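full-length UniProt numbering numbers the first residue of the sequence shown as 1 and each following residue consecutively.
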Amino acid sequence: MLVPSLPDDFLSCFARVSRLYYPTLSLVSKHFRSLLASPELYKARSLLGHEESCLYLCLGSQYDSHWFTLCRKPDQTLINNGTSLKKKSSGYVLARVPILHSPPAYFPSLVAVGSDIYNIGSRSIINNSSVSVMDCRSHTWHEAPSMPVELISLSASVVDGKIYVSGRGSDDKNSLEVLDTKTKTWDHVPISCNETRCSFYYSRSACIDGKFHVAADGRFYVVAAGEKLVSYNSREGRLDQVELRMCDKLFSDTYCEIENVLYSAGEGAIRWFDTKVQKWRYLMVFEGLPKFPPAVSVRLADYGGKMAVFWEEYLLSSEQKMIWCAVVMLKRHKFWEIWGESCEIWGIVEWFDHVLTVPIGYQFVKALAATV
1 MLVPSLPDDF LSCFARVSRL YYPTLSLVSK HFRSLLASPE LYKARSLLGH
51 EESCLYLCLG SQYDSHWFTL CRKPDQTLIN NGTSLKKKSS GYVLARVPIL
101 HSPPAYFPSL VAVGSDIYNI GSRSIINNSS VSVMDCRSHT WHEAPSMPVE
151 LISLSASVVD GKIYVSGRGS DDKNSLEVLD TKTKTWDHVP ISCNETRCSF
201 YYSRSACIDG KFHVAADGRF YVVAAGEKLV SYNSREGRLD QVELRMCDKL
251 FSDTYCEIEN VLYSAGEGAI RWFDTKVQKW RYLMVFEGLP KFPPAVSVRL
301 ADYGGKMAVF WEEYLLSSEQ KMIWCAVVML KRHKFWEIWG ESCEIWGIVE
351 WFDHVLTVPI GYQFVKALAA TV
């Protein structure tokens, strides 16, 4: 039960505490849990300018989706012969989000807008026009207006606060639908005949330069072989076919966009796409980030302009595996080449640590951050 009103001093105190500490504070009592989910508290955080990015990781098992959020763990002290020794650790851990019966989710269906995480459609081909929304302030699910069409497959991205959803309907036609998250209304974007040669049946999408890009797998093309990439210019209402080079990293589900740059992890490295020269470049990571094996599962996320990296480590002779996390600060470095100005992006690791241990059957779905 939420508290209808809180003393101003008490409210101000909690509003100034980082959200990273809320999972620990919520363990104190049911009363504290209610306070920390209070709409008044988050209104105060907004007025005080204390909104921050809150990192979430979704894991999937055979029947369920499991949600976790990054938090600070209680300070742990080791006592040895009267000597207090701090345990060497980043101090971060993933805490399970206390929410029951989360709807099924998969990578291209999840997007974050403000304090909400949207789950567009579901794994099932039945009723996959539904839209579920997790309020990251109260950690509760509610339903948003359904899509006007049912899609067999889909991929969603965010452009200017609107959610663009590309997909393929049961009538075997491409579809592009747009949800205005402020007005809670859907709009259909007509797709001209020239662009319907590529099928959105198995596609991935990303927002780059204010445009909604859709990459589609060549196996489902009616005419051409190979992969195609089309972009929708929301300001001009036009679909354009663009360079193919961006496509090849989008189908691994290890990509994310951070401050208008597309990043992807694979083959033991992290790359970024240079739109100026239309090529993938390596992220220059300096110290701290261990080299994860090429075949290991990785997820990237925009964490308030920084990069969050999650990867897994299997434990020998165990039914469990470890989830690791790193937070990387990104810095651009410009330099001159023979053909003109060029750019590198450097990654500076702020911390990395083992943050969670889960059953071996849990699989990465997606990492993303909400603003609360």
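In this text, a Cβ means the ideal position worked out from N, Cα and C, and glycines have one as well. All values derive from a computational prediction rather than experimental measurement.
Closer than 7 Å by C-beta to residue i: which residues in its own chain qualify, once you throw out the five before and the five after it? Chain order, please.
i, result
"Gly305", "Ile258 and Glu259"
"Ser146", "Ser129, Ser130 and Val131"
"His50", "Ala15 and Arg16"
"Ile208", "Glu257, Asn260, Leu262 and Thr275"
"Ala206", "Ser157, His213, Leu250, Tyr255, Glu257 and Leu262"
"His188", "Pro148 and Glu177"
"Asp9", "none"
Among residues of its own chain, excluding the 5 on either side of residue i, which ones have a beta-carbon nearer than 6 Å to its beta-carbon?
i, result
"Asp274", "Arg281"
"Ser264", "Lys249, Thr254, Tyr255 and Arg271"
"Gly361", "Ser61"
"Arg137", "Tyr42, Ser115 and Val372"
"Pro148", "Trp186"
"Leu179", "Ile163 and Trp186"
"Arg299", "Phe310, Phe364 and Ala367"
"Lys331", "Trp346"
"Ser252", "Gly266"
"Ala105", "Cys58, Ser65, Asn119 and Val365"
"Val285", "Gly347"
"Ser166", "Ser155, Leu176, Phe200, Ser203, Ser205 and Val214"
"Asn194", "Caution applies to Asn194, whose pLDDT of 44 falls short of 50 and renders its modelled position unreliable; the value that the coordinates give is listed next. So no residue of the chain qualifies."
"Lys184", "Pro145"
"His333", "Glu344 and Trp346"
Please name the residue in the options whose C-alpha comes closest to that of residue i.
i, options, result
"Tyr21", "Lys366, Tyr164, Leu179 and Leu36", "Leu36"
"Leu283", "Asp9, Pro293, Leu41 and Glu344", "Glu344"
"Leu57", "Val372, Ala367 and Thr371", "Ala367"
"Ser18", "Ser102, Leu48, Glu267 and Lys276", "Leu48"
"Pro108", "Ala156, Thr140, Ile152 and Tyr63", "Ala156"
"Ser199", "Lys211, Phe212 and Ser153", "Ser153"
"Glu341", "Phe292, Leu330 and Lys276", "Lys276"
"Thr24", "Leu59, Pro74 and Tyr106", "Pro74"
"Asp172", "Tyr201, Thr183 and Val178", "Tyr201"
"Leu100", "Ser65, Cys13 and Ser130", "Ser65"
"His213", "Leu176, Thr181 and His139", "Leu176"
"Pro293", "Glu313, Asp160, Pro104 and Cys13", "Glu313"
"Tyr30", "Asp353, Tyr63, Gly91 and Pro98", "Per the sequence presented here, residue 30 reads as Lys, with Tyr not at that position. Looking at the Cα atoms, Pro98 is the closest of the given residues."
"Val158", "Cys247, Val111, Met329 and Met246", "Val111"
"Ser46", "Ser12, Tyr63 and Trp141", "Ser12"
"Val296", "Glu287, Leu315, Val285 and Met329", "Leu315"
"Arg204", "Cys247, Asp8 and Asn174", "Cys247"
"Met329", "Ala301, Val28 and Lys321", "Ala301"
"Tyr63", "Ala44, Ser102, Val28 and Asp8", "Ser102"
"Arg96", "His139, Asp135, Asp9 and Val113", "His139"
"Tyr92", "Ala308, Gln278 and Asn174", "Ala308"
My understanding is that residue i touches residue j, with C-beta atoms under 8 Å, so please give their C-beta distance in whole angstroms.
i, j, result
"Leu41", "Leu55", "Actually they do not touch by this definition, with Cβ atoms about 19 Å apart."
"Trp311", "Val327", "Their Cβ separation, rounded to whole angstroms, is 13 Å, which puts Trp311 and Val327 out of contact at 8 Å."
"Phe32", "Ser26", "6 Å"
"Ala370", "Ile117", "6 Å"
"Gly169", "Glu143", "At roughly 21 Å, the Cβ-Cβ gap does not stay under 8 Å, so Gly169 and Glu143 are not in contact."
"Lys182", "Gly161", "7 Å"
"Leu289", "Val358", "Going by Cβ atoms, the distance from Leu289 to Val358 rounds to 22 Å, so no, they are not a contact pair."
"residue 396", "Ser90", "It is not possible to answer for residue 396, since the shown part of the chain is limited to 1 through 372."
From the DSSP output, which residues share a beta bridge with residue i?
i, result
"Arg162", "Note that residue 162 corresponds to Lys in the displayed sequence, not to Arg. DSSP output for Lys162 lists Val159 and Asp180 as bridge partner(s)."
"Leu262", "Glu257"
"Lys279", "Asp274"
"Ser153", "Arg168"
"Val298", "Trp311"
"Ile323", "Glu312 and Leu356"
"Phe364", "Leu59"
"Tyr118", "Val111 and Val133"
"Glu143", "Ser132"
"Gly210", "Partner(s): none; Gly210 has no beta bridge."
"Ser349", "As written in the sequence, residue 349 is Val, which differs from the Ser given in the question. Paired residue(s): Val328."
"Glu344", "His333"
"Met246", "Met246 is not bridged to any residue."
"Ala15", "According to DSSP, Ala15 bridges with nothing at all."
"Asp9", "Its beta-bridge partners do not exist; DSSP assigns none."
Among residues of its own chain, excluding the 5 on either side of residue i, which ones have a beta-carbon nearer than 8 Å to its beta-carbon?
i, result
"residue 418", "Nothing about residue 418 can be read from this structure; the chain reaches only from 1 to 372."
"Lys291", "Gly268"
"Thr83", "Residue placement at Thr83 cannot be trusted, given a pLDDT of 39 that sits under 50; the coordinates are not used to answer."
"Val133", "Asp116, Ile117, Tyr118, Asn119, Trp141, His142, Glu143 and Ala144"
"Ser318", "Ile360"
"Val28", "none"
"Tyr303", "Ser53, Leu55, Val327 and Ala369"
"Gln320", "Thr357, Val358, Pro359 and Ile360"
- Message: What ranges does the beta strand (DSSP E) occupy inside the region 27–112, keeping only unbroken runs of at least 3 residues that lie completely in it?
- Response: You should have 53–60, 65–72, 77–80, 83–86 and 92–96.
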